[in-house]
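Each residue of the sequence shown is one higher than the one before, counting from -13 in the numbering used here.
Glycine residues also receive a C-beta, built at the ideal position from the N, C-alpha and C atoms.
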Amino acid sequence: MTADRFGAEGLRAAMEWFRDALATHRDVINQLNVYPVPDGDTGTNMALTLETVVTEVSAAGDQMSEVCHAISHGSLMGARGNSGVILSQILRGLAETVATAGHIDPPILAGALKQASFAADEAVSTPVEGTILTVVRDVATAAGEAVDQGVDGLIQLVEGCQRAGRVSLDRTPELLPQLARANVVDAGGAGFLLFLDAMATAMDGRPLPDPPPVDPSAGVGAAVAGAENPHGTDDDVDGTRYEVMFFLEAEDHRIGDFRSAWEALGDSIVVVGSDGLWNCHIHSNDIGGSIEAGIGVGRPFDIRVTDLFEQVEHVESLMASEVGGAVTTVAGEPVQTAVVAVSVGAGVRRLFESLGVRAIIAGGQTMNPSTEHFVQAVEQLDADEIVLLPNNKNIVPVAERVDDCTDAAVRVVPTRGIAEGLAALMAYDPSASADQNQSAMAEAAEGVVTGEVTQAVRDTESELGSIVAGQWLGLDRQGLRVVDQSAAGAATALLAELIDDSHELVTVISGADTTAAQVEEVVAWLAEHHPAVETEVHDGSQPLYPFYFGVE
């Protein structure tokens, strides 16, 4: 490594410093998102992507081509979410240029940044200004101009890129109204600038910048903000609800048709890769159609579906003790058909056990169990036929793969929440076949009206008007229905939207932090406004959601 160039070890070190920088700035970047409900975040996704990159880079050989291949492959396979996929394309563009040169000097770095910007723009079906794409492009332009003007050395070029990047990031709210409304800069752009900081640290040993303090007013825990949205295409909570991601094995010439099919299904489309392997990301309300488009041109695998309303990133810490066990079986007499359910919260687990569930997989929200967890649960049960209750939209596609992985006859009732799971169990017959149970339980689940209450974690605008961090939100299957100053107020206002004269029973499942007074307020409201409707109250102890409702 010299003042004007560095090689494979310098690039390896830069990736390691970049990983460390994203880890320490993760919470701050998460707070730059614009959606108000707690869920998965840009900082988290970028940090997890770099973890995979560094794992591969650490095992790579000493040649620059080997390090660059590890960066390219690791970023493709490890990409998480919109921001992770775009970051992977940026790193792949950089690696492609550097691998060819065999070293990094000012002209090579400027060319690599230009290629990175081009690759990122190309990956996004509808590039939006004021995002990470703008910041990378502005940095690449500044680097090219500096080289043309005869910049003195590599570190001087990097420092110039840092200055240009900060200017570009500061003006992102001028380009993207969603950022201006939330009074934040672009989260993805902020994460990318840490790459330049990592380059400088790798070159001369200067310390990485310290993250600014996390604003505790931003919501429930430092690691929680809104749905990561680096394209700015979904500015409010009434946009496309599901994030669909998968790897796709397909011939390169068929990707154009695939992109066209996806453009009719959603937005925030990112498709990156080459040589028959592609990492694909879309926000869409049509999960099945998004996956079928991949099947139409090749073989999608490692399919991940996230509900952008329900995903909660820091459930990981709140659920650590439960997730560690993964699968818990319940003793009982032999049955024709056993039920496996996914749940979070000790109270919810007890409810499922009391209704005959024989295996509980700890999970939900972003703690989505894998196919392997389901197979483990099925194989631990003494039953030839199994019904699975995923109890989360994210988990349904995983559950539907289990039947091909085990000798048991496995059927899925595609329950989208805890209330649906409980309703399905009302129709469960342990002496009936899995097919019979699937039909009856699915009908029972579909018949329940569901809702939930959670807390806004930042200020934003919505179809209901302004939302302030700390307010309480009532949501149903269609989206945001209520904004209120209290959890109980949001709960009763939501129930007013959900209940009509045809309903007979309301099931109330209270959360881990719900107070007795809040439950009493909800029960009293039901008694006053719907005296003919029976009310059942259960302590679910679920995190972040003080109330789940099932109305039948």
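The alpha helix (DSSP H) enclosing valine 101, as first and last residue numbers: Position check: residue 101 holds glutamine in this sequence, whereas valine was assumed. Counting along the chain, the alpha helix (DSSP H) containing glutamine 101 begins and ends at 92 to 109.
Exposure of glycine 124, with buried meaning 16 or more beta-carbon neighbours within 10 Å: In the sequence as displayed, the identity of residue 124 is aspartate instead of glycine. Buried, since its Cβ has 16 or more Cβ neighbours within 10 Å.
Where valine 40 falls, given that 16 or more other Cβ within 10 Å makes a residue buried: buried
Cβ contact (3+ pairs, closer than 8 angstroms) linking the stretch 525 to 535 and the stretch 401 to 415: yes
Between the CA atoms of threonine 440 and glycine 175 - distance to the nearest angstrom: 28 angstroms
Isoleucine 495 vs glycine 333 beta-carbon contact at 9 angstroms: yes
Spatial distance of alanine 306 from threonine 392 (CA atoms): With a pLDDT of 39 at alanine 306, under the threshold of 50, the predicted position of this residue should be treated as unreliable, though the coordinate-derived value follows. If I take the Cα positions, the gap works out to 28 angstroms.
Length-filtered (4 minimum) alpha helix (DSSP H) runs lying within the stretch 134 to 211: 140 to 156, 158 to 161, 163 to 168 and 173 to 190
Spatial neighbours of alanine 186 in its chain, beta-carbon cut-off 8 angstroms, leaving aside the 5 residues before and after: Ile141, Val144, Glu145, Gln148 and Arg192
Glycine 97 versus Asp107, Trp264 and Leu80, residue with shortest Cα-Cα distance: Leu80
Residues of its chain near aspartate 261, where Cβ-Cβ distance is below 8 angstroms and the 5 sequence neighbours each way are ignored: Asp238
Backbone CA spacing between aspartate 288 and arginine 387 [nearest angstrom]: 11 angstroms
Backbone secondary structure at valine 463 - three-state DSSP: Note on identity: in this sequence residue 463 is arginine, with valine being the wrong assignment. DSSP places arginine 463 in coil when its eight states are reduced to three.
Length of the line joining the Cα atoms of glycine 207 and aspartate 445: Its pLDDT being 29, under 50, glycine 207 is placed unreliably in this model, and the coordinates cannot settle the point.
Serine 425 versus Val434, Val435 and Tyr414, residue with shortest Cα-Cα distance: Tyr414
Buried or exposed (CB count within 10 angstroms, at least 16 for buried), aspartate -5: Here residue -5 turns out to be glutamate, not aspartate, going by the sequence shown. Answer is exposed; the Cβ neighbour count stays below 16.
Straight-line gap, arginine 463 to serine 154 (C-alpha atoms, nearest Å): 39 angstroms
DSSP-derived helix/strand/coil call for proline 216: In this predicted model, proline 216 has a pLDDT of only 38, less than 50, meaning its place in the structure is not dependable; the value taken from the coordinates is given anyway. DSSP places proline 216 in coil when its eight states are reduced to three.
Segment contact flag, the stretch 361 to 375 with the stretch 323 to 338, C-beta cutoff 8 angstroms, min 3 pairs: yes
Start-to-end residues for the alpha helix (DSSP H) that takes in phenylalanine 540: There is no way to answer for residue 540, as the model of the chain reaches only from -13 to 538.
heavy atom of the ligand ADP below 8 angstroms from asparagine 68 C-beta: The ligand ADP is absent from the structure shown, which contains no ligands of any kind.
Reduced DSSP secondary structure (H/G/I, E/B, other) of leucine 530: coil
Arginine 397, enclosing beta strand (DSSP E) - first and last residue: 395 to 398
Sub-9 angstroms separation of threonine 401 and asparagine 377 beta-carbons: yes
Member of Ala503, Ala173 and Val519 whose CA lies at the smallest distance from the CA of leucine 119: Ala173
Beta-carbon proximity check, glycine 282 vs serine 270, cutoff 9 angstroms: no
Residue closest to alanine 410, alpha-carbon to alpha-carbon, out of Ala394, Gly64, Ala428 and Thr314: Ala428
Local Cβ density within 10 Å of threonine 28, reported as buried at 16 or more and exposed below that: buried
C-beta atoms of aspartate 389 and valine 382 nearer than 9 angstroms: no
Residues near isoleucine 57 in its chain [Cβ-Cβ closer than 7 angstroms; skip 5 each side]: Met1, Val39, Val43, Leu77 and Ala81
Given alanine 109 as reference, the closest of Asn16, Ala166, Ala87 and Val257 once Cα atoms are compared: Val257
Among Met32, Arg(-2) and Gly274, nearest to threonine 10 - alpha-carbon criterion: Met32
Which of helix, strand or coil DSSP assigns to serine 58: helix
Rounded C-alpha distance that separates glycine 88 from glycine -7: 7 angstroms
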